[in-house]
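Going by our numbering, 96 is the number at position 63 of the sequence shown; the sequence numbering is gapless. I have placed the structure first, in the form of structure tokens, so that the comments after it can refer back to it.
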Amino acid sequence: MKINHIKDNLINETNVNVITNDDNENDYIYIKELLTVHNSSIIGKDLDTNKEIKVKDKDIIYFETYGRDVCFTTIENKLLIIKISMKRLEEILSRRNYFIKVNKNTIINVKHIEEISYHSNMRFQVILSNQYKQVVNRSYFRDFKKSIEEEYNQ
Numbered sequence: 034m035k036i037n038h039i040k041d042n043l044i045n046e047t048n049v050n051v052i053t054n055d056d057n058e059n060d061y062i063y064i065k066e067l068l069t070v071h072n073s074s075i076i077g078k079d080l081d082t083n084k085e086i087k088v089k090d091k092d093i094i095y096f097e098t099y100g101r102d103v104c105f106t107t108i109e110n111k112l113l114i115i116k117i118s119m120k121r122l123e124e125i126l127s128r129r130n131y132f133i134k135v136n137k138n139t140i141i142n143v144k145h146i147e148e149i150s151y152h153s154n155m156r157f158q159v160i161l162s163n164q165y166k167q168v169v170n171r172s173y174f175r176d177f178k179k180s181i182e183e184e185y186n187q
């Protein structure tokens, strides 16, 4: 892979061009994934307008899988889709302490937790800032608890 950096003081916005052949198409996909979630924001596609929108992490309430699609909900209650697998998204978000996986299909932003209550069978329920309720499964509880403690001990 070759990377060129060209400085141009006449432009207002950073541009990235990725040139590949068919054999290196996965390089493009990987680079796009990285850029999609860079700089504490994520770019998602609004299904109503078909436009891509950049959303700051602090404005994302949760991510959830719907079939093979990964979507996220914003504080404006917009549902946006991203072209990244949940596994890959989890890897990328692992560097950001305020996102935590609570079950197989859901990653929440701990900054949007309004309430935590005991659910049943060693599971807990969280209510998020948009009143969305989600169960924290037992297998995810230890990491969830650690993330909550870190958030509130800052």
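No residue lacks a Cβ here, since even glycine has one placed at the ideal position from N, Cα and C.
For V135, tell me which candidate among E183, K144, F174 has the shortest Cα-Cα distance.
Nearest in C-alpha terms to V135, of all of E183, K144, F174, is F174.
Q) For K89, which of N83, F105, R101 has the nearest alpha-carbon? A) F105
Let me check understanding here. Comparing Cα to Cα, which of K120, T107, R121 lies closest to S162? T107
Tell me where the alpha helix (DSSP H) around Y173 begins and ends.
-> 171-185
If you draw a straight line from the alpha carbon of E97 to that of N138, how long is it in whole angstroms?
5 Å
| message | For I93 and I75, which I take to be in contact (beta-carbon distance under 8 Å), what is that distance rounded to the nearest angstrom? | response | 7 Å
Requested in this report: State whether the stretch 176-186 contacts the stretch 140-160, with contact taken as three or more CB pairs (one from each stretch) at a distance under 8 Å.
Outcome: yes
query = beta strand (DSSP E) containing L43: first to last residue?
reply = First-last for L43: undefined, no H or E at that position.
Exercise for review: Please say whether K78 and I114 have beta carbons closer to each other than 7 Å?
Suggested key: yes
Q.
Helix, strand or coil for R101? Go by DSSP, reduced to three states.
A. coil
field: alpha helix (DSSP H) segment containing I117, residue limits
entry: Here I117 belongs to no alpha helix (DSSP H), and DSSP marks it neither H nor E.
- Message: So for I125, helix, strand or coil by DSSP?
- Response: helix
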